[in-house]
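Peer 1:
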Amino acid sequence: MLHRIQKVFEVFGIGYGIKYLFIHWLHKHCYIRLIGKRLVRLMYKNHFLYVRLFSRDLDFLESIYIGNAEGDYTEGEYDLLENGDCNSFIDLGANIGLFSFMYAIKYPERKIIAVEPEQKNFSVLERNMQNFKNVICLNCAVWFRNVYVKVNESTYLVYPSNTPTEGGFYVSECEQDDEEGTYAITINDIVRKYKLKDYLVKMDIEGAEYAIFENGDCEWLNMCKTFVIETHDRFSKDNDENKIFAVLENTHKFERDLGENKVFISRKEWSIRLDNILEEIYDKILHSNNVFLYGKGKVGKLFLQWLQLHQTEKINGFVVSNLNDDEKICEKKPVLEINQLKADYPEALIIVCVTNLYRQEIINNLIKFELSNYIVLSDEMIGQCSKHIKRI
1428 MLHRIQKVFE VFGIGYGIKY LFIHWLHKHC YIRLIGKRLV RLMYKNHFLY
1478 VRLFSRDLDF LESIYIGNAE GDYTEGEYDL LENGDCNSFI DLGANIGLFS
1528 FMYAIKYPER KIIAVEPEQK NFSVLERNMQ NFKNVICLNC AVWFRNVYVK
1578 VNESTYLVYP SNTPTEGGFY VSECEQDDEE GTYAITINDI VRKYKLKDYL
1628 VKMDIEGAEY AIFENGDCEW LNMCKTFVIE THDRFSKDND ENKIFAVLEN
1678 THKFERDLGE NKVFISRKEW SIRLDNILEE IYDKILHSNN VFLYGKGKVG
1728 KLFLQWLQLH QTEKINGFVV SNLNDDEKIC EKKPVLEINQ LKADYPEALI
1778 IVCVTNLYRQ EIINNLIKFE LSNYIVLSDE MIGQCSKHIK RI
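Numbering of the sequence shown is given in my numbering, commencing with residue 1428 and proceeding in unit increments.
Dropping the structure here:
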């Protein structure tokens, strides 16, 4: 609880932080909602941010800016906003603009296209974006062709449990004279009209993503550097996010980002990012007095070979959990048992070089011996090292 309060004050300041805690308490505990979805004003980094009381706005705000009820603070979950290589941001399903608001503050020189079809959401979106000259708000839907569509607010049944859930929207085609209809554009339309390239796309469009990927022209992915998607398999048993992932990975050469998020990075951008991570690791090795590789198998030897391409002999030796008498030398370097490393080199930098099967076991071992100065190589980093070696 204290951690969460500190986080709220860090994000909104003391005054608006107290206000946020109060309205969030009302949102969670006040069941007699006589005042309706009243608009309330907060402040984030010297900019006014508007949300509606007793609406899902506060849930989204909590998730994106603060964290969740379990205390897993999710600010790092949106590291996509840290992507300094993207020139613009397309926010599809912008809602009231919480992502665009954050991005506009961080990158005021970049063009942002915020698309939201639902009129009530769009009104708040416009208000939140009114002081950002780099943001263009579009009150329309995104679809795989140019037709009129209808945004339907629904209580949907979450598949497969068929649990009724309020607050969802879904898109369906309609006639032009339908009072609730809105014109739909394609993502290619947006890219061409505003002359965008090297952009970040965030897509949360209430299930319309399936129609776009199954029926639409995905040419826009060719100049997309980072793609973040919220899929909606729960809306229907016919929805299958794996079909979308197949288009991204197989047809348009995207790689799934590290972690649990549905973040995809173009293969070229992915390779550059991995190289940057490896160079940071290499720099840390150069500035460490003692460096050991935990794992003397294929992965450890491969990483040592990659380091040798950089003409460094900074590696003192290898570390293993249990040492046999015939394993004391590997690649002409000494092999230490972890307890000996703890005794002789307690401040050493340890590079964990094992496959995913053994990775957690090794990390637990390091924690057990109170060795905190370590870096864990992921499968993607190991694969990138292998590619460099094969090029030689």
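We put the beta carbon where it would ideally sit given N, CA and C, even for glycine.
Note that the structure is a prediction, hence the values are computed from the model and not measured.
Check whether the region 1723 to 1739 and the region 1534 to 1552 touch, using three or more Cβ-Cβ pairs below 8 Å as the test.
Peer 2: The answer is no - the region 1534 to 1552 does not touch the region 1723 to 1739, with fewer than three Cβ pairs under 8 Å.
Peer 1: Does DSSP put Leu-1466 in a helix, a strand or coil?
Peer 2: Here Leu-1466 sits in strand by DSSP.
Peer 1: For Gln-1811, which residues in the same chain have their Cβ closer than 8 Å to its Cβ, ignoring the five residues on either side in sequence?
Peer 2: Excluding sequence neighbours, Gln-1811 sits near Ser-1698, Leu-1701, Asp-1702 and Leu-1705.
Peer 1: Which stretch, first to last residue, makes up the beta strand (DSSP E) that contains Gly-1440?
Peer 2: No beta strand (DSSP E) contains Gly-1440, which is instead part of the alpha helix (DSSP H) from 1429 to 1456.
Peer 1: I'd like the span of the beta strand (DSSP E) that includes Leu-1565, first residue to last.
Peer 2: Note, Leu-1565: beta strand (DSSP E), 1562 to 1565.
Peer 1: Does the region 1619 to 1635 come into contact with the region 1653 to 1662, if we say contact requires no fewer than three beta-carbon pairs (one atom in each stretch) closer than 8 Å?
Peer 2: Touching, per the Cβ criterion.
Peer 1: Rank Ala-1770, Ala-1568, Gln-1732 and Arg-1572 by C-alpha distance to the C-alpha of Lys-1760 and give the top, closest one.
Peer 2: For Lys-1760, the nearest C-alpha among the options comes from Gln-1732.
Peer 1: For the beta strand (DSSP E) that contains Asn-1415, what are its first and last residues?
Peer 2: Outside the shown range of the chain, which is 1428 to 1819, sits residue 1415, and nothing can be said about it.
Peer 1: Tell me the residue span of the beta strand (DSSP E) that contains Lys-1538.
Peer 2: First-last of the beta strand (DSSP E) with Lys-1538: 1538 to 1542.
Peer 1: Express the C-alpha separation of Asp-1771 and Ser-1515 in angstroms, rounding to a whole number.
Peer 2: Rounded to the nearest angstrom, the two C-alpha atoms are 51 Å apart.
Peer 1: Among Met-1470, Leu-1729 and Ser-1599, whose alpha-carbon lies nearest the alpha-carbon of Val-1781?
Peer 2: Ranking Met-1470, Leu-1729 and Ser-1599 by Cα distance to Val-1781 puts Leu-1729 first.
Peer 1: If you compare alpha carbons, which of Leu-1736, Ile-1756 and Asn-1751 is closest to Phe-1745?
Peer 2: Considering only alpha carbons, the answer is Ile-1756.
Peer 1: Can you have a look at Lys-1629 and say buried or exposed, based on whether 16 or more other CB atoms are within 10 angstroms of its CB?
Peer 2: Buried, since its Cβ has 16 or more Cβ neighbours within 10 Å.
Peer 1: Rounded to whole angstroms, what's the CA-CA distance from Lys-1689 to Lys-1680? Just pull it up for me.
Peer 2: C-alpha separation (whole angstroms): 15 Å.
Peer 1: As a quick exercise: from Asn-1579, Phe-1549, Val-1576 and Met-1556, pick the residue whose alpha carbon is nearest that of Asn-1566.
Peer 2: The option with the nearest alpha carbon to Asn-1566 is Phe-1549.
Peer 1: In the structure shown, what three-state DSSP assignment does Asp-1499 receive?
Peer 2: Because Asp-1499 carries a pLDDT of 43, less than 50, the predicted location of this residue cannot be relied on, and the following value inherits that uncertainty. Asp-1499 falls in the coil class under three-state DSSP.
Peer 1: In chain order, which beta strand (DSSP E) runs of at least 3 residues are fully inside the region 1739 to 1817?
Peer 2: The qualifying runs are 1742 to 1747, 1760 to 1764, 1776 to 1779 and 1801 to 1803.
Peer 1: What did DSSP end up calling Gly-1727 once you bin it into helix, strand or coil?
Peer 2: Note: Gly-1727 maps to helix in three-state DSSP.
Peer 1: From the DSSP output, in three-state form, read off Tyr-1637 for me.
Peer 2: Here Tyr-1637 sits in helix by DSSP.
Peer 1: Considering only C-alpha positions, which residue in the set Ala-1531, Asp-1518, Ile-1523 and Glu-1788 is nearest to Arg-1483?
Peer 2: Closest option to Arg-1483, Cα to Cα, is Ile-1523.
Peer 1: From Lys-1446 to Gln-1557, what distance separates their C-alpha atoms?
Peer 2: Lys-1446 and Gln-1557: Cα-Cα distance of roughly 23 Å.
Peer 1: For Glu-1602, collect the residues of the same chain with a Cβ closer than 8 Å to its Cβ; drop the 5 residues on either side in sequence, then sort them by chain order.
Peer 2: Contacts found: Tyr-1575 and Gly-1608.
Peer 1: Compute the distance between the beta-carbons of Leu-1466 and Val-1569, then report whether it is under 9 Å.
Peer 2: Taking 9 Å as the Cβ cut-off, Leu-1466 and Val-1569 do not qualify as a contacting pair.
Peer 1: Could you tell me which of Leu-1485, Asn-1677, Pro-1535 and Tyr-1801 sits nearest to Ser-1453, measuring between CA atoms?
Peer 2: Position check: residue 1453 holds Leu in this sequence, whereas Ser was assumed. Nearest C-alpha to Leu-1453: Leu-1485.
Peer 1: Name the two residues that bound the continuous beta strand (DSSP E) containing Asp-1605.
Peer 2: Asp-1605 -> no beta strand (DSSP E), and no H or E assigned at all.
Peer 1: Return the residue from the list Arg-1479, Phe-1439, His-1474 and Leu-1720 that minimises the CA-CA distance to Phe-1528.
Peer 2: Cα-wise, what sits closest to Phe-1528 is His-1474.
Peer 1: If you run the structure through DSSP and keep just helix, strand and coil, what is Ile-1617?
Peer 2: DSSP places Ile-1617 in helix when its eight states are reduced to three.
Peer 1: With distances taken between CB atoms, is the gap from Cys-1513 to Arg-1537 smaller than 9 Å?
Peer 2: Yes, these two residues count as a Cβ contact at 9 Å.
Peer 1: Give every residue of the same chain whose Cβ lies closer than 6 Å to the Cβ of Asn-1677, excluding the five residues on either side of it in the sequence, and list them in chain order.
Peer 2: So no residue of the chain qualifies.
Peer 1: Assuming Leu-1469 contacts Phe-1439 (C-beta within less than 8 Å), just tell me the rounded distance between them.
Peer 2: Their Cβ separation, rounded to whole angstroms, is 6 Å, which keeps Leu-1469 and Phe-1439 in contact under 8 Å.
Peer 1: Sorted by chain position, which residues of the same chain lie with C-beta nearer than 7 Å to Lys-1817's C-beta, five sequence neighbours on each side aside?
Peer 2: Nothing meets the Cβ criterion.
Peer 1: Do Ala-1611 and Asn-1561 have their C-beta atoms closer together than 9 Å?
Peer 2: For Ala-1611 and Asn-1561, no; Cβs fall outside 9 Å.
Peer 1: Which of the three DSSP states is assigned to Asn-1548 in this structure?
Peer 2: DSSP places Asn-1548 in helix when its eight states are reduced to three.
Peer 1: If you draw a straight line from the alpha carbon of Gln-1546 to that of Glu-1668, how long is it in whole angstroms?
Peer 2: Cα to Cα, the separation comes out at about 28 Å.
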